[in-house]
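Student: Going by our numbering, the letters in the sequence shown line up with residues 13 to 174, in that order. Glycine residues also receive a C-beta, built at the ideal position from the N, C-alpha and C atoms. Bear in mind the structure is a predicted one, so any value in this text is a computation, not a measurement.
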Amino acid sequence: MMLGGGQENGCRSGTENLPAIVGLGVAADLARNERAAEVARLSPLRDRLLEGLLERVAGARLTGARGAGRLPHHASVVVSGVKADAVLLELDMRGIAASSGSACNLTTGEPSHVLLAIGCAREEVEGSLCFTLGRWTTPAEVDVVLDALPGVVNRLRRLASR
13 MMLGGGQENG CRSGTENLPA IVGLGVAADL ARNERAAEVA RLSPLRDRLL EGLLERVAGA
73 RLTGARGAGR LPHHASVVVS GVKADAVLLE LDMRGIAASS GSACNLTTGE PSHVLLAIGC
133 AREEVEGSLC FTLGRWTTPA EVDVVLDALP GVVNRLRRLA SR
């Protein structure tokens, strides 16, 4: 319980956020009703993205399982020789949203203990990239990432070697 205003004998302040509660219910219904179709749609997109990244970006390595053992919307790789922050900035300037590392380690700045535990070198962890596909992700958007990322990585590696 949170202590707060005068409502409910001082135990909780404010009014319940009914629109958000209804929205959560609608989202849960959509997830339940469309799960199978979305898994079938997203899995091939994810696999295409991962295979394309591994083929086109030298030094890229998959993190986690391949195929059915992986979440259908999650594509994660580590790329040696670059810092993820620089890659993410350049991708963002091209309209591509991605992330790096782990939300659990965001405030500490420490590398992901999970990536280290699965055998990634510290240098690789510094280049961890995660792409999340969603309900509106299209094959064309996967192509945009596959076209942009190799050039970004190559450019940053050249700059780092100077």
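In this structure, how does DSSP classify Leu141 when only helix, strand and coil are distinguished?
Tutor: DSSP places Leu141 in strand when its eight states are reduced to three.
Student: Classify Arg58 as buried or exposed, calling it buried when 16 or more other Cβ atoms lie within 10 Å of its own Cβ.
Tutor: Flag for Arg58 reads buried.
Student: On the three-state DSSP scale, how would you describe Ala172?
Tutor: If DSSP states are grouped into helix, strand and coil, Ala172 belongs with the helices.
Student: Tell me Val91's beta-bridge partners as DSSP assigns them.
Tutor: Ala72.
Student: According to DSSP, is Ser111 part of a helix, a strand, or is it coil?
Tutor: Strand at Ser111.
Student: Would you call Ala72 buried or exposed, if buried means 16 or more other Cβ atoms sit within 10 Å of its Cβ?
Tutor: The residue in question, Ala72, is buried, as its Cβ has 16 or more Cβ neighbours within 10 Å.
Student: Quick one: using the 10 Å Cβ neighbour count with 16 as the cut-off for buried, is Pro56 buried or exposed?
Tutor: Pro56 should be labelled exposed.
Student: Bridge partners of His86, per DSSP?
Tutor: Its beta-bridge partners are Thr144.
Student: Is Gly37 helix, strand or coil when you go by DSSP?
Tutor: In the structure shown, Gly37 sits in a helix (DSSP, three-state: H, G or I).
Student: For Ser55, which three-state DSSP category applies?
Tutor: Ser55: helix per DSSP, three-state reduction.
Student: Does the beta-carbon of Glu138 have 16 or more other beta-carbons within 10 angstroms, so that it is buried, or is it exposed?
Tutor: Flag for Glu138 reads buried.
Student: If you draw a straight line from the alpha carbon of Pro31 to that of Ala109, how long is it in whole angstroms?
Tutor: If I take the Cα positions, the gap works out to 28 Å.
Student: Judging by CA-CA distance, which residue of Gly163, Gly37, Asn45 is the nearest neighbour of Leu103?
Tutor: Ranking the options by Cα distance to Leu103, first place goes to Gly163.
Student: What's the C-alpha gap between Glu136 and Arg60?
Tutor: Each residue's alpha carbon lies about 22 Å from the other.
Student: Count Cβ pairs between the stretch 79-91 and the stretch 41-54 that sit closer than 8 Å; are there 3 or more?
Tutor: Contact holds: three or more Cβ-Cβ distances are below 8 Å.
Student: Could you check the C-alpha separation between Lys95 and Thr27 for me, to the nearest Å?
Tutor: If I take the Cα positions, the gap works out to 45 Å.
Student: Where Ser111 and Ala40 are concerned, what is the direct C-alpha to C-alpha distance, given to the nearest angstrom?
Tutor: Approximately 25 Å, taken between the alpha carbons.
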